[in-house]
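Chains as they are written, first to last, in the UniProt record's numbering: chain A, 1 to 240; chain B, 1 to 240.
We treat Cβ as the ideally placed atom computed from N, Cα and C, and that holds for glycine.
Note that the coordinates shown come from a computational prediction; the quantities given were computed from them, not determined experimentally.
Note sheet for the following structure.
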Ligand code: SF4
Ligand code: SF4
């Protein structure tokens, strides 16, 4: 495969979550995922519903789309999915191309697959999925990825989306398992990804709950808790 | 002076803004400011209205209060004001004490005064005030502080609170003046710091406006835009 399965490109917009929250960025969303989280907010990347929208693009074609959308108004590109870690060499070439053009590159993946181009990413988020997702974490794989990223001094974070108390316990166990990872985040889950109206009151209520959890527990002393800003401002609008 | 003028200590809570947004922290708010910003959200630190609440505390007494409030549920202390940079040696000793106890220390100041204990701070925010504040920036002083912090490899950021288009231009001029400062933030101002009810809809509207400003202008490509999360969740509640 010399091309990237692209479901959508959009931006410039603001990264609403995680380790570079607030940063202006372009998004590239790849198609395909090895997981099927029950609350997936981008299930259209893997459930077949938008198969007709998926295009096989070369790294140069993806970059052309970003420049057509963003002109000179960006210097950061976020690759998300689906699981972009399913893609091999074409992704490495796309990341190189971004760097050649002076852009930093962020990536989010659940940590179920390793790619050696992870070492080239400027800000990488591993987001293992908690029990509420109904997925099982492959700890051997995650251990290996964390070990490799640490060994290569990659700027990476662990981010756990949390819906309920069982997920809180899962987040604690992940953070305890990797004490040497400095950047750790929890984020309240959005159970209303299908809602068409304003969900900011709901999201703020969930954020207040998670603030309380973090404040009350010494296990979260070094963990940062952040919402999804884009969902608070733009609700569930696509391509924002 | 061997003591610190403390207006309030509180926490653990979540740092709602800036470079360590989302991090659990304790707050120490000092009394006194050399500025009088028209929209100051903590004018009670300098306008005399809460003079009776200000206490002169030794570094050890401040730490005792933090431990009484937070127990083992924190490892970060944020010093804010007023302008904590008005305080000399007692602040240096307090910062040392925090480090001895294993706590990281954050500080926010407008950048009107230099202290050599700035070099000991783990995350330092310089927040020069835009025209809407009705204050004048002393550029010589700010230049010197930025130069010293850079020379000492301090982990610091520039953060500009923005109310209107004139403030946007000011933010651009600050960021252009200091191209080597990697961490740059803009934050929508809160014009309703006296409101007693829920102001989240207003704050989200201002955030959406500032997202738009940042997205549309190449001058903000490397600037992060963040709200005040604590104000969205807890409105204007004191000591939250
Ligand atoms: S890993 Fe991510 S993209 Fe894949 S199903 Fe889960 S939430 Fe959706
Ligand atoms: S510098 Fe800060 S504390 Fe001082 S008046 Fe301005 S906003 Fe208030």
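- Residue 200(B): member of the alpha helix (DSSP H) spanning 200–216, first to last residue.
- Put simply, the stretch 211–230 of chain A does not touch the stretch 43–55 of chain B. Fewer than three CB pairs are less than 8 angstroms apart.
- Contacts between residue 232(A) and chain B, judged by CB atoms closer than 9 angstroms, involve 200, 204, 207, 227 and 232 in chain order.
- Nearest Cα to residue 32(B) within the set 47(B), 40(B), 21(B) and 41(B): 47(B).
- Residue pairing by DSSP puts residue 123(A) in a beta bridge opposite 106(A).
- With 7 angstroms as the limit between CB and the heavy atoms of ligand 1, the residues that fall short of it are 33(A), 35(A), 36(A), 37(A), 40(A), 41(A), 42(A), 43(A), 45(A), 46(A), 81(A), 82(A), 83(A), 110(A), 129(A), 133(A) and 135(A).
- Using a Cβ distance threshold of 9 angstroms, residue 181(B) and residue 157(B) count as a contacting pair.
- For the options 89(A), 140(A) and 102(A), the alpha carbon positioned closest to that of residue 3(A) is the one of 89(A).
- Taking 9 angstroms as the threshold, the shortest C-beta distance from residue 4(B) to chain A does not fall below it.
- Here residue 153(A) is exposed. Its C-beta has fewer than 16 other C-beta atoms within 10 Å.
- Chain A has a Cβ within less than 9 angstroms of the Cβ of residue 14(B).
- Its chain contains 7, 29, 30, 31, 32, 33, 81 and 82 as the residues whose beta carbon lies nearer than 8 angstroms to that of residue 45(A), once the 5 sequence neighbours on both sides are disregarded; these appear in chain order.
- Cβ contact annotation for residue 97(A) (same chain, cutoff 6 angstroms, sequence separation greater than five): 59 and 63, in chain order.
- Listed along the chain, the chain A residues whose CB falls inside 7 angstroms of the CB of residue 211(B) are 14 and 233.
- Along the stretch 23–54 of chain B, the positions whose C-beta sits under 7 angstroms from a C-beta of chain A are 23 and 24, read in chain order.
- Only residues of its own chain outside the window of five on either side were considered, and among them none has a CB closer than 8 angstroms to the CB of residue 147(A).
- Restricting attention to 230(A), 240(A), 222(A) and 239(A), the CA atom closest to the CA of residue 72(B) is found in 222(A).
- Relative to residue 237(A), the option among 206(A), 132(A), 214(A) and 192(A) whose CA is nearest is 192(A).
- In the three-state reduction of the DSSP assignment, residue 57(A) falls in the strand class, which pools E and B.
- One thing to note: residue 110(B) has its Cβ within 9 angstroms of the Cβ of residue 126(B).
- Of 11(A), 240(A) and 128(A), the smallest CA-CA separation from residue 140(A) is found for 128(A).
- Closest in C-alpha terms to residue 211(B), from the list 240(A), 167(A), 133(A) and 183(A), comes 240(A).
- Judged by DSSP secondary structure, residue 187(A) falls within the beta strand (DSSP E) whose first and last residues are 184–188.
- At least one beta carbon of chain A lies nearer than 9 angstroms to the beta carbon of residue 215(B).
- For residue 157(B), DSSP records a beta bridge to 125(B).
- DSSP places residue 227(A) in the coil class of the three-state scheme, outside both helix and strand.
- Secondary structure in the stretch 23–47 of chain A: the beta strand (DSSP E) runs of 3 residues or longer, each lying completely within the stretch, are 24–30 in chain order.
- For the 9 angstroms CB-CB criterion, residue 171(B) and residue 162(B) form a contact.
- About 19 angstroms separates the beta carbons of residue 94(B) and residue 24(B), which is beyond the 8 angstroms limit, so they are not a contact pair.
- Residue 39(A) is not a Cβ neighbour of residue 112(A), given a cutoff of 9 angstroms.
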